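Numbering (my numbering), first residue to last: 483 to 604.
Step one of this worksheet: look at the structure below.
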């Protein structure tokens with residue numbers, strides 16, 4: 483069975499989003515400096531600008547480069563086992579009485595707590 487795994491991803495759309503973050507940071511910084519004497523709020527704009535530039539460079543190189551970073555790969559189960567399988571297929575070995583909720587073993591015919599007959603316990 484094939485499954486999608488983390489692998490191939492960032493592209494031109496992320497680059498465009500980074501440019502918008504830089505533009506937002508410039509407007510935020512200009513407006514915040516005019517509204518307050520404190521440097522705290524304008525620093526958020528500077529942070530947006532720095533993060534936007536770093537991400538824009540990364541995404542541009544990734545979108546136009548020959549060897550791009552892979553964020554999603556499609557793999558076959560013979561190559562790599564599905565990590566969700568261990569949680570989905572895991573059957574609980576602990577059984578409970580359907581009448582009172584007490585823990586019981588597979589071999590029990592009657593519940594040791596409430597005494598009711600256990601017919602369909604698997």
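We put the CB at the ideal spot given by N, CA and C, even for glycine.
These numbers come from a predicted model, not from an experiment.
Taking one C-beta from the segment 574-585 and one from the segment 521-538 each time, how about it: are there three or more such pairs within less than 8 Å? Between the segment 574-585 and the segment 521-538 there are fewer than three C-beta pairs closer than 8 Å, too few to call the two in contact.
Under the rule that 16 or more other beta-carbon atoms within 10 Å means buried, what is residue 584, buried or exposed? By the neighbour-count criterion, in which 16 or more other beta carbons inside 10 Å mark a residue as buried, residue 584 falls on the exposed side.
State the Cα-Cα distance for the pair residue 544 and residue 522, rounded to the nearest angstrom. Using only the alpha carbons, I get a separation of about 33 Å.
Starting from residue 502, trace the alpha helix (DSSP H) in both directions and tell me its first and last residue. Where residue 502 is concerned, the enclosing alpha helix (DSSP H) starts and stops at 494-517.
CA-to-CA distance, residue 580 to residue 539, given in whole angstroms: So the alpha carbons of these two residues sit roughly 60 Å apart.
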